[in-house]
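*Asks:* Can you keep this structure in mind? I'll have questions shortly.
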Amino acid sequence: MAGSRFEYVRKYEISDVAIPNTYLIVRIDGKGFHKFSAAHGFQKPNDIDALELMNEAARQVMTEFKGHITLAFGESDEYSFLIDRASTLKLITHIVSLFTAAYVMNWDKYMKRPLTAIPSFDGRAVIYPSPKEIRDYFSWRQADTHINNLYNTVFWALVHAGQSEREAHETLKGTVSSDKHEILFSRFGINYDSIPEFFRKGTTLVWAVKPQTADQPARSNPRKELRTLHVDIIGDDFWTQTEGVNAPPMNDSLPYWEQPSRLNGNGLGANILSQFG
500 MAGSRFEYVR KYEISDVAIP NTYLIVRIDG KGFHKFSAAH GFQKPNDIDA
550 LELMNEAARQ VMTEFKGHIT LAFGESDEYS FLIDRASTLK LITHIVSLFT
600 AAYVMNWDKY MKRPLTAIPS FDGRAVIYPS PKEIRDYFSW RQADTHINNL
650 YNTVFWALVH AGQSEREAHE TLKGTVSSDK HEILFSRFGI NYDSIPEFFR
700 KGTTLVWAVK PQTADQPARS NPRKELRTLH VDIIGDDFWT QTEGVNAPPM
750 NDSLPYWEQP SRLNGNGLGA NILSQFG
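Our numbering applies: residue 500 is where the sequence shown begins, and numbers increase by one.
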């Protein structure tokens, strides 16, 4: 009841306002997903349907928060969202709940087996002071994608070839990146660089200006479309302004994860950090 004698308890609530003039990233992670993925028979090392389901849930979060979330990056069972300006920390609960609901709602669209357990995600907010830390954060997550995917690719190749999971861990103990590349190529004939970029580079979601046709009137506030990318965001190409960043046309002979529109993101991150204000 408003104005009741019990209202004093509100003073114990933690302020939900982030520090002004800072960057806010909300990262969500699957809880108990090792057990969840095993229960639903996810393919190893990568289940492309499960990964695209994660992407779809993230796209729905991006759409719901259009104008507030400018960039997202996902790998495995996690997703990171960049809030374009300091905002309320209540966004954590909203993003996590919306992501989870979208994951469940879209399960049948992407997965070939029924949902038999409840998926759950947790979330955290981290505040960063400058664009440098933001770039370094997303570089860190993409580097983590590469490290994890390389290990898992070799690990599951060994398991599928007959080793137990314990034996595969022992085989890989103390190995460096070059050793893992060598194992893949010499034992299994796999060139790691030929593995889909979807797996090696994760997924980046970004709003991009939608191209206008010649017969459309010029707009002072161009429409934007949400792009799904599997590109390098550690180097400068994604973050450097360039001409001709429109999505390439569809190629019907290619699967969706190898479409040129997903593999070309040069310049799409150029305005993201400068939009903060």
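Idealized CB from N, CA, C, for every residue including glycine.
For the 8 Å Cβ check, are there 3 or more pairs between the region 596-606 and the region 543-561?
*Replies:* They touch, by the three-pair rule.
*Asks:* Kindly indicate which three-state DSSP category L590 falls into: helix, strand or coil?
*Replies:* Residue state, collapsed to three classes: helix.
*Asks:* Compare the C-alpha of K782 against each of L671, M610, S619 and name the closest.
*Replies:* A query on residue 782 cannot be resolved here, the shown segment of the chain reaching from 500 to 776 and no further.
*Asks:* How is the alpha helix (DSSP H) around W655 delimited, first residue to last?
*Replies:* Counting along the chain, the alpha helix (DSSP H) containing W655 begins and ends at 630-659.
*Asks:* Go ahead and pull the three-state DSSP assignment for V486.
*Replies:* The structure shown does not extend to residue 486, since the chain is modelled only from 500 to 776, so the question has no answer here.
*Asks:* For F684, which of I594, R612, N520, A656 has the nearest alpha-carbon?
*Replies:* For F684, the nearest C-alpha among the options comes from A656.
*Asks:* Less than 7 Å between the CB of A624 and some heavy atom of the ligand MN, yes or no?
*Replies:* The ligand content of the structure shown is nil, which means the ligand MN is not present either.
*Asks:* Exposed or buried, what is I732 when buried is set at 16 or more other beta-carbons lying within 10 Å of its beta-carbon?
*Replies:* I732 should be labelled buried.
*Asks:* Label E574 either buried or exposed according to how many other C-beta atoms from any shown protein chain fall within 10 Å of its C-beta, with 16 as the threshold for buried.
*Replies:* Its Cβ being crowded by 16 or more others within 10 Å, E574 is buried.
*Asks:* Helix, strand or coil, according to DSSP, for A601 in the structure here?
*Replies:* Three-state DSSP puts A601 in a helix.
*Asks:* Could you please give me the residues that DSSP links to T727 through a beta bridge?
*Replies:* Note: T727 sits in a beta bridge opposite L704.
*Asks:* What residue does the alpha helix (DSSP H) around F737 start on, and which one ends it?
*Replies:* Looking at the DSSP string, F737 is not in any alpha helix (DSSP H), and its letter there is neither H nor E.
*Asks:* Are the beta-carbon atoms of P721 and V708 separated by less than 8 Å?
*Replies:* Yes, Cβ-Cβ distance for P721 and V708 is below 8 Å.
*Asks:* Would you be able to state if there are at least three C-beta pairs under 8 Å between the region 526-546 and the region 561-570?
*Replies:* Taking 8 Å as the limit for Cβ pairs, the verdict is that the region 526-546 does not touch the region 561-570.
*Asks:* Taking only the alpha-carbon atoms, compute the straight-line gap between H567 and P747 and give it to the nearest angstrom.
*Replies:* Whole-angstrom Cα-Cα distance: 26 Å.
*Asks:* Tell me D621's beta-bridge partners as DSSP assigns them.
*Replies:* Answer is D528.
*Asks:* Given a cut-off of 8 Å on the beta-carbon distance, is the pair L614 and I771 in contact?
*Replies:* No, Cβ-Cβ distance for L614 and I771 is not below 8 Å.
*Asks:* Grab me the residues of N765's own chain with a C-beta within less than 7 Å of its C-beta, minus the 5 sequence neighbours each way, in chain order.
*Replies:* Answer for N765: D736, F737, T741, V744, listed in chain order.
*Asks:* Kindly indicate the opening and closing residues of the beta strand (DSSP E) around E757.
*Replies:* Taken as a continuous stretch (DSSP letters only), E757 belongs to no beta strand (DSSP E), as it is neither H nor E.
*Asks:* Within the continuous beta strand (DSSP E) that includes A616, where are the two ends?
*Replies:* Note, A616: premise wrong, no beta strand (DSSP E); not H, not E.
*Asks:* Any chance the region 631-645 sits against the region 696-707, with 3 or more Cβ pairs inside 8 Å?
*Replies:* Contact holds: three or more Cβ-Cβ distances are below 8 Å.
*Asks:* Within a Cβ cutoff of 6 Å, which residues of the same chain sit near Y691, ignoring the five residues on either side of it in sequence?
*Replies:* Within the same chain, Y691 has close Cβ partners H680, L683.
*Asks:* Since F580 is in the beta strand (DSSP E), which residue starts that stretch and which ends it?
*Replies:* Note, F580: beta strand (DSSP E), 577-582.
*Asks:* Taking buried to mean at least 16 other C-beta atoms within 10 Å of its own C-beta, is D621 buried or exposed?
*Replies:* So D621 counts as exposed.
*Asks:* What are the start and end residues of the alpha helix (DSSP H) that includes A667?
*Replies:* Where A667 is concerned, the enclosing alpha helix (DSSP H) stretches over 664-671.
*Asks:* Using only CA atoms, which one of H659, Y627, P630, G673 lies nearest to R686?
*Replies:* Out of H659, Y627, P630, G673, H659 has the C-alpha closest to the C-alpha of R686.
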